[in-house]
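A.B. asks: Numbering (the working numbering), first residue to last: 71 to 561. Where a beta carbon is used, it is the ideal one built from N, C-alpha and C, also for glycine. Once you've had a glance at the structure underneath, I'll fire off some questions.
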Ligand code: NAP
């Protein structure tokens, strides 16, 4: 194991504070919060940690800045956002190391997230120039009709710890690009990555109050957003449970809501697929970020003809994954992000074992590390619906294997969940691929593609996995209001 890494190892961000009205600022009461490195449990940094009064200041700054920012042109805004993208790319190596140290994922995964954040800023900077309205033919000769797009207003964003930069960028970039102002809150466990992004925004010349960062109490932040009528939209990524509570709160002031919630993605393998190749892709997809990914495959449906071969290959690949501190070259699986996550993984595996599942590899906290939240990549079979792992979103490095015979049967089983975020299908048969894409209840479907997310395509869930879409033109539209203007002409 590498030596404990402390704040001195963090090159970016330079700041350990909130960003309000163009100033880096401490909490009003001076409170601070320790950020823990999940690879060695050391204190990595201490950041300002605010309360309601800090959140109110950040919201007030965004409200004050909205009239001027909303009147800038898409071209002026794009110039700043493209500079943000450039700064992120210039600082990418340092930002990726910071993300690894606070979140745990290996550096190459962190670097990919940082680069996707830059791509997201660039794409929305360009796309906002095409936020066209419509001229609508009138049915009366003395009238003219048009539908014009208008920024929705002040936006609050709440994001989790698993993709601390990318998930926030899917909200901040389109909101700023169309002329909204924002107040963002990172998860307590991973504030440094978002502070790093805000340093790029500040250094790119974003005007004071247009983008504000609050680090602190999630409940008090939510109160500040929901009790302020001028906040017109809240965009949340997190669990379905918290999402539902926030949707209820939105009723009082009829705020627009975007909800990116939990998932329980099926991965389905048909017998014509290349089994060894798919098993490797499935293992890499499953153990990416330790399964702590909303679109992580978490129910593996294997056609009976290839079930045995797939199982053997998957177990072998999972055993061969290199686990360790994400900063060490060659690491494929880092620590889970906190002790509670490790305990939840163990609970799910214990429950499955107690109900008859077979643990084919893993199944316990790794004994190879004195410190850090390392859980062995785990593959289990003989699972059924009596087990928690098939009913609850696992968010853990556990791969439950199931069998199937017929297409209709696997569609019904895959859809038998309140979630509908992602689904994966491996087949080279066009008819099967088409029937699956049409039959699966999921907002994102990867056919022979285990990593479908990209800035220009819509991302989001059906059923209890969410409301609305991020990324793509849909992700831009969700920060726009449509105003219909009807003009009556004289005589
Ligand atoms: P979570 O408990 O819902 O928390 C998400 C964020 O919301 C955290 O920053 C949390 O901060 C904050 N939060 C919690 N309760 C809140 C409240 N009452 N008011 C305002 N903010 C509140 O989710 P998590 O367990 O951290 O994250 C994992 C979940 O996110 C999974 O369900 C995963 O599927 C989902 N997710 C979805 C997507 C997607 O795009 N669909 C992407 C990634 C993750 P505190 O913990 O400090 O309270």
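(1) Residue 338 and residue 495: beta carbons closer than 8 Å?
(2) Compare the C-alpha of residue 67 against each of 523, 427, 151 and name the closest.
(3) Where are the beta strand (DSSP E) runs, 3 residues long or more, that stay fully inside the region 164-208, in chain order?
(4) For residue 347, count neighbouring Cβ atoms within 10 angstroms of its own Cβ and tell me buried if that reaches 16, exposed if not.
(5) Could you check if residue 230 belongs to the surroundings of the ligand NAP, using beta carbon to heavy atom distance under 7 Å?
(6) Can you tell me whether DSSP reads residue 313 as helix, strand or coil?
(7) At a cut-off of 7 Å, would you count residue 556 as near the ligand NAP, judging by its Cβ distance to the nearest heavy atom?
(8) State the DSSP-derived secondary structure class of residue 72, mapped to helix, strand or coil.
(9) Quick one: does the C-beta of residue 308 sit closer than 7 Å to a heavy atom of the ligand NAP?
(10) Taking residue 399 and residue 371 to be in contact with their CB atoms under 8 Å, please state how far apart those CB atoms are, rounded to whole angstroms.
(11) Suppose the cutoff is 7 Å on Cβ atoms and the five residues either side in sequence are ignored; what does the same chain contact list for residue 502 look like?
(12) Could you give the first and the last residue of the continuous alpha helix (DSSP H) run that contains residue 324?
(13) Check whether the Cβ atoms of residue 227 and residue 242 sit closer than 8 Å, and answer yes or no.
(14) DSSP has residue 278 in a bridge; who is on the other side?
(15) Quick check: is any heavy atom of the ligand NAP less than 7 Å from the C-beta of residue 191?
(16) Could you check what DSSP says for residue 529 in three-state terms: helix, strand or coil?
(17) Taking just the CA atoms, how far does residue 147 sit from residue 273?
(18) Determine whether the beta carbon atoms of residue 522 and residue 545 lie at a separation below 8 Å.
(19) Just reading off the beta strand (DSSP E) that residue 504 is part of, what are its end residues?
(20) Throw me the rounded Cβ distance for the residue 285 and residue 250 pair, which I believe falls under 8 Å.
(21) Under the DSSP definition of a beta bridge, which residues are partnered with residue 451?
(22) On a Cα-Cα basis, can you pick out the residue from 131, 112, 240 that is closest to residue 295?
(23) Looking at the secondary structure, which residues open and close the alpha helix (DSSP H) in which residue 547 lies?
(24) Once DSSP output is grouped into helix, strand and coil, what is the label at residue 382?
(25) On the criterion of 16 or more Cβ atoms from any shown chain inside 10 Å, does residue 395 qualify as buried, or is it exposed?
(26) Flag this pair as touching only if the region 483-498 and the region 529-539 have three or more C-beta atom pairs under 8 Å; answer yes or no.
(27) Whole alpha helix (DSSP H) runs in the region 396-444 with 4 or more residues, listed along the chain?
(28) Leaving out five residues before and five after residue 166 in sequence, what residues of the same chain have Cβ atoms less than 6 Å from its Cβ?
(29) Is the region 470-484 close to the region 316-328, with three or more CB pairs under 8 Å?
(30) Give a single yes or no on whether residue 465 has its beta carbon closer than 7 Å to a heavy atom of the ligand NAP.
(31) Going by beta carbon distance, what residues of the same chain come within less than 7 Å of residue 134, once the five residues before and after it are set aside?
(32) Compute the Euclidean distance between the alpha carbons of residue 411 and residue 466, then round it to the nearest angstrom.
(33) What does the alpha-carbon distance come out to for the pair residue 212 and residue 203?
(34) Please name the residue, chosen from 290, 309, 289, 325, that lies closest to residue 302 on a Cα-to-Cα basis.
(35) For a test of the three-state rule: what should DSSP assign to residue 343, helix, strand or coil?
(36) Under a Cβ-count criterion, where at least 16 other Cβ atoms within 10 Å of its own Cβ denotes burial, should residue 524 be classed as buried or exposed?
C.D. replies: Let me spell this out:
(1) The answer is yes: Cβ separation under 8 Å.
(2) Past the boundaries of the shown model lies residue 67; the chain is included only from 71 to 561, so the question cannot be answered.
(3) Entirely contained in the region 164-208, the beta strand (DSSP E) runs reaching 3 residues are, in chain order, 204-206.
(4) So residue 347 ends up on the exposed side.
(5) For the ligand NAP, at least one heavy atom lies less than 7 Å from the Cβ of residue 230.
(6) Residue 313 falls in the helix class under three-state DSSP.
(7) Using a cutoff of 7 Å, the CB of residue 556 does not count as near the ligand NAP, since none of the ligand's heavy atoms is closer than that.
(8) For residue 72, the predicted model reports a pLDDT of 46, less than 50, meaning its position is unreliable; a value from the coordinates is still stated below. Three-state DSSP puts residue 72 in coil, outside helix and strand.
(9) Yes; taking the cut-off as 7 Å, the Cβ of residue 308 has a heavy atom of the ligand NAP nearer than that.
(10) So it is not a contact: roughly 35 Å between Cβ atoms.
(11) Within the same chain, residue 502 has close Cβ partners 340, 477.
(12) Taken as a continuous stretch (DSSP letters only), residue 324 belongs to no alpha helix (DSSP H), as it is neither H nor E.
(13) Contact flag set, yes.
(14) DSSP lists no partner for residue 278.
(15) In this structure, the C-beta of residue 191 stays at least 7 Å away from each heavy atom of the ligand NAP.
(16) Assigned with DSSP and collapsed to three states, residue 529 falls in strand.
(17) Rounded to the nearest whole angstrom, the C-alpha separation of residue 273 and residue 147 is 14 Å.
(18) No.
(19) For residue 504, there is no enclosing beta strand (DSSP E); the residue is found in the alpha helix (DSSP H) stretching over 500-509.
(20) 21 Å between Cβ atoms; not a contact.
(21) Answer by DSSP bridge pairing, in chain order: 428.
(22) For the residues 131, 112, 240, the minimum Cα distance to residue 295 belongs to 131.
(23) Following the DSSP letters along the chain, one finds residue 547 inside the alpha helix (DSSP H) bounded by residues 542-547.
(24) Residue state, collapsed to three classes: helix.
(25) Result: buried.
(26) The region 483-498 is in contact with the region 529-539.
(27) Every alpha helix (DSSP H) of 4 residues or more that sits fully in the region 396-444 is shown, in chain order, as 409-424.
(28) Closer than 6 Å at the Cβ level, and outside the excluded window around residue 166, lie 177, 180, 181, 184.
(29) Under the three-pair Cβ rule at 8 Å, the region 470-484 does not count as touching the region 316-328.
(30) With a cutoff of 7 Å, residue 465 counts as near the ligand NAP, since its C-beta is closer than that to a heavy atom of the ligand.
(31) Same-chain partners within the cutoff: 279.
(32) If I take the Cα positions, the gap works out to 7 Å.
(33) Going by the C-alpha atoms only, they are around 21 Å apart.
(34) Closest by C-alpha distance to residue 302, out of 290, 309, 289, 325, is 325.
(35) Of the three classes helix, strand and coil, the one that applies to residue 343 here is coil, per DSSP.
(36) Residue environment for residue 524: exposed (fewer than 16 other C-beta atoms within 10 angstroms of its C-beta).
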